[in-house]
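Colleague: The end of the sequence shown is residue 155 by the UniProt record's numbering, with every number in the run present.
Yeah, the Cβ is synthetic: ideal placement off N, Cα and C, and Gly gets one too.
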Amino acid sequence: MKKEDILVVDGTADSWEQAIHLAGGTLYENGFVKEGFEQACIDREKTYPTGLLMDTSIAIPHTDDQFVIKAGVCILRLKEPVDFYRMDAPDDIVSTRLVFNLALPRGSQQISILQKIIAAVSNTEFTHQCMELETEDLRKMFVKYSLCEEVILGS
C-alpha cells in the first residue's frame, strides 16, 4: 500500500453499521472495492467483531478479498463515538470514534497489516494523532509506523 491508498473521512454515524457504510462507501467511491463490500463488512462484523478496547478504542472492519479491487484503508474519525462489539469479548461493546475499514486483496498480507495496525494503535501517541492530524500528515504518519511501503525522504 502507498500513502495515497489511505483515505481519511471525518463524519458522524448513529451506529456501527452506519460507520461501516460511511467508510466502506468511501472506499467504493474511490475505486478500491466492488459493490457489496459494505454489506459484506457488516455481515462479517456480526460474526467476527473487530472492536478493540484500548486507551483510544478502535474498530477494524474488513471482509473477504472477493470485494477488493486494490488495497486501501479508510480511516473514519467520528465526531461522537459508536458502539462496536469487541474482538476479544464478542458479547461486550466498546465505544470508539476511530474506525479503520480495510480493503486488502488476496496475497496482500492481511494478517501482517492487521498486526501492524494493532501494534500502532497500542501506542497512545499514534491514536491521538489519528484524531488530530490533517489528512496528508496522517498519511505520512502511516508511513512512519510502517503501515505503508512508501518511504518519504526528508520526513
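What does the alpha-carbon distance come out to for the pair D91 and E45?
Modeller: Taking the sequence shown and counting its residues from 1, one reaches residue 91 at position 91. Taking the sequence shown and counting its residues from 1, one reaches residue 45 at position 45. When rounded, the distance between both Cα atoms is 12 angstroms.
Colleague: Determine, using beta carbons only, whether A120 and Y145 come nearer to each other than 8 angstroms.
Modeller: Working through the sequence shown from its first residue, we reach residue 120 at position 120. Working through the sequence shown from its first residue, we reach residue 145 at position 145. Yes, they are a contact pair.
Colleague: Which word fits residue 234, buried or exposed, when buried means at least 16 other C-beta atoms lie within 10 angstroms of its C-beta?
Modeller: Nothing can be reported for residue 234, as the shown portion of the chain is limited to 1 through 155.
Colleague: With DSSP run on the structure shown, which of helix, strand or coil describes G72?
Modeller: On the sequence shown, residue 72 is found 72 positions in, with the first residue counted as 1. Three-state DSSP puts G72 in a strand.
Colleague: So, using beta-carbon positions, are I60 and L27 closer together than 8 angstroms?
Modeller: Within the sequence shown, the letter at position 60 stands for residue 60. Within the sequence shown, the letter at position 27 stands for residue 27. Going by C-beta atoms, I60 is not nearer than 8 angstroms to L27.
Colleague: Using the Cα positions of L114 and T50, report the straight-line distance between them to the nearest angstrom.
Modeller: Against the sequence shown, residue 114 aligns to sequence position 114. Against the sequence shown, residue 50 aligns to sequence position 50. Cα to Cα, L114 sits roughly 11 angstroms from T50.
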